[in-house]
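Per our numbering: the sequence shown = residues 119 to 289. All residues carry an ideal CB built from backbone N, CA and C; glycine is no exception.
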Amino acid sequence: MKKEQKKFAKIYDKLVAKVFRFIFLKVDSPETAEDLTSQVFAKAFDRTVKRQAKVKNLPAYIYQLARAEVADYYRKNAKYKIISTESAQIFEQIPDGQVSPEDSYQIQADLKALKTSLGELDEDAQNVLIWRYLDGLSYAQMAEIMEKPESTVRVMVHRALKELKEKLDQN
119 MKKEQKKFAK
129 IYDKLVAKVF
139 RFIFLKVDSP
149 ETAEDLTSQV
159 FAKAFDRTVK
169 RQAKVKNLPA
179 YIYQLARAEV
189 ADYYRKNAKY
199 KIISTESAQI
209 FEQIPDGQVS
219 PEDSYQIQAD
229 LKALKTSLGE
239 LDEDAQNVLI
249 WRYLDGLSYA
259 QMAEIMEKPE
269 STVRVMVHRA
279 LKELKEKLDQ
289 N
């Protein structure tokens with residue numbers, strides 16, 4: 119069991135920030151994201167290490183658990199808001215002293231528009247964009263998480279980018 123615990127600890131260290139960011143972009147507060155992230159990893163540990171369930175790809179399994187936790191959160195709280203426009207500080211950027219005030223303002227405005235437009239996309243579109251461009255997942259990894267063919271995921275990413283661009287142009 120020690121070997122499995124060490125393996126899980128390495129995966130935890132590698133994924134905890136990414137899973138937190140994924141969840142944070144979908145809930146209304148950092149505290150909620152922290153709670154849900156800890157629940158995801160507690161369930162993953164319980165099922166894979168304690169119960170010794172066979173999991174082919176643990177990172178993909180953890181992302182599946184994260185999706186399920188977010189869905190459960192909204193089901194229990196009877197509200198559906200994918201990205202909180204007030205609290206998604208993950209997109210905020212504090213420029214260093216080398217950026218002019220005008221550029222700093224433009225960066226903040228662009229990030230706000232991106233956050234708003236991303237929040238208008240459906241959940242699957244948000245997921246594939248977050249996983250691909252923030253978490254750096256491959257199409258194969260995303261396909262495994264979503265339990266869809268890789269070609270379908272590629273099309274989803276292409277369509278999500280197109281839709282995001284259209285939303286950005288409207289805003």
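Going by C-alpha positions, V246 is about 15 Å away from K283. In the DSSP assignment, I248 falls outside any alpha helix (DSSP H) and carries neither an H nor an E. In the structure shown, Q170 falls within a coil segment according to DSSP collapsed to helix, strand and coil. A residue is called buried when at least 16 other Cβ atoms come within 10 angstroms of its Cβ; Y181 meets this threshold and is buried.
Taking a cut-off of 8 Å on C-beta distances, the stretch 137–149 does not touch the stretch 219–232, as fewer than three cross pairs fall below it.
When the Cα atoms are used, A178 and S235 turn out to be separated by approximately 27 Å. Rounded to the nearest angstrom, the gap between the Cα atoms of K280 and D164 is 40 Å.
A straight line joining the alpha-carbon of D228 with that of P219 spans about 14 Å.
In chain order, L176 place their CB closer than 6 Å to the CB of I129, counting only its own chain and leaving out the 5 sequence neighbours on each side. Here Y251 is exposed, its C-beta having fewer than 16 other C-beta atoms within 10 Å.
The stretch 186–194 makes contact with the stretch 150–169: 3 or more CB pairs, one atom from each, lie closer than 8 Å.
Here V167 is near E122, since their CB atoms are less than 8 Å apart. In this structure, DSSP gives G254 a state outside helix and strand, which the three-state scheme calls coil.
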